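>
In this note's numbering, the protein residues as written are 131 to 442.
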């Protein structure tokens, strides 16, 4: 028997356990949830943006690069045929300005509505204004808040045929000074007369001079009551060219002082046209035109149309 011993080699097969998956799936899941949250956040923000702004944003991203370089904002429109009478397509160097102005205009309208409500309440509770409330008319026009102080046969605002302010007219104007001075808006003051002419006719002192003098006298009383002089944008006399009661131009109510608290849009238009030398701002239209039928209502009084006075 041989002394050599065979070496026994035992091979053990190791079974590999399933490897641990790790946390990589969590990272992918977190990325997915972040993307979904960002998507829904964008959708929520877009739902708050006005349609006009969305259209401008869409137009911006649809604009080819070469058009943007050569023509700027809205340059891609230059390829299309421009129908006659359409607005100019000249690029707007400040595309965000219009949106800002629109927001300012909305705030401006709200301020003027608040002023109208405050004045109505002041007329109701103020002992001075309460006595003369039948002679006060308030309404909103396309150019701002219009406050009209109308004449009455039994209680004229000025001495006959002159610009001398009566004591109760002075009280009305000075009571209105404080609330008007608190507004950032500027004021246009216009004087109006009836159709009765001076015996001398138009040659010497006419209704045009009289209405202008009365408007300036009203300005002086407002300033004396506390209105800053810079708040007055313009003082004009319109004679009998804008009658409150068109069927009866000689009526006493046509003699009045009108205070137009200008909105920002109207003041911008006046400034632009003054700078360009244009005379397109029609003051008579601003005094007449209103946004729909206007009904004046002061708490404690029945409603009445703006063209008619209240007779106690």
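C-beta: ideal position from N, C-alpha, C; glycine also.
Please read these numbers as outputs of a predicted model, since none were measured by experiment.
Between residue 318 and the rest of its own chain, which residues show a CB-CB distance below 7 Å, the 5 nearest in sequence each way excluded?
363, 364, 390, 392
> Three or more C-beta pairs closer than 8 Å, one from the segment 262-282 and one from the segment 375-391: is that the case here?
yes
> Can the beta-carbon of residue 359 be found less than 8 Å from the beta-carbon of residue 353?
Taking C-beta atoms as the reference points, residue 359 and residue 353 count as a pair closer than 8 Å.
> Would the beta-carbon of residue 397 fall within 8 Å of that of residue 316?
yes
> By DSSP, does residue 262 sit in helix, in strand, or in coil?
coil
> Would you report the Cα separation of residue 405 and residue 399, rounded to the nearest angstrom?
10 Å
> Measuring straight from C-alpha to C-alpha, what distance separates residue 245 and residue 160?
54 Å
> Give the DSSP bridge partners of residue 295, in chain order.
288
> What's the C-alpha gap between residue 236 and residue 301?
33 Å
> Return the first residue and the last residue of the beta strand (DSSP E) that residue 391 is part of.
386-392
> Measuring CA to CA, which of 296, 305, 344 is closest to residue 260?
305
> Which term fits residue 191, buried or exposed, when burial requires 16 or more other beta carbons within 10 angstroms of its beta carbon?
exposed
> When the Cα of residue 280 is compared with those of 375, 165, 371, which residue comes out closest?
Between residue 280 and the set 375, 165, 371, the nearest pair of CA atoms involves 375.
> Rounded to whole angstroms, what's the CA-CA distance from residue 379 to residue 371? Just pull it up for me.
Taking C-alpha positions only, residue 379 is separated from residue 371 by approximately 9 Å.
> Can you name the start and end residues of the alpha helix (DSSP H) that residue 319 belongs to?
Looking at the DSSP string, residue 319 is not in any alpha helix (DSSP H); the run it does join, the beta strand (DSSP E), is 317-322.
> Check whether the Cβ atoms of residue 385 and residue 324 lie closer than 8 Å to each other.
In this structure, residue 324 lies closer than 8 Å to residue 385 by Cβ.
> Secondary structure at residue 178, three-state DSSP: helix, strand or coil?
helix
> Give the secondary structure of residue 365 by DSSP, where H, G and I count as helix, E and B as strand, and everything else as coil.
strand
> Taking 7 Å as the limit between beta carbons, can you name the residues of its chain near residue 303, skipping five residues before and five after?
Excluding positions up to five away in sequence, the list reads 348, 351, 352, 355.
> Looking only at its own chain, which residues have a Cβ that is under 6 Å from the Cβ of residue 381, when we skip the five neighbours before and after it?
375
> Is it buried or exposed, residue 265, if we count other Cβ atoms within 10 angstroms and call 16 or more buried?
buried
> I need the boundaries of the alpha helix (DSSP H) containing residue 352, first residue and last residue.
337-354
> When you compare only the Cα positions, how much space is there between residue 183 and residue 272?
24 Å
> Would you kindly report the start and end of the unbroken beta strand (DSSP E) that includes residue 274?
274-280
> Can you give the Cα-Cα distance for residue 369 and residue 253, rounded to whole angstroms?
28 Å
> Report the three-state DSSP secondary structure of residue 112 (helix, strand or coil).
With the chain covering 131 to 442 only, the question about residue 112 has no answer from this structure.
> Relative to the ligand ZN, is the shortest distance from any of its heavy atoms to the C-beta of residue 186 smaller than 7 Å?
Looking at this structure, you won't find the ligand ZN or any other ligand, since it has none at all.
> Can you find the residues in the same chain that come closer than 7 Å, C-beta to C-beta, to residue 140, ignoring five residues on each side of it along the sequence?
none
> According to the Cβ coordinates, are residue 344 and residue 262 closer than 8 Å?
no
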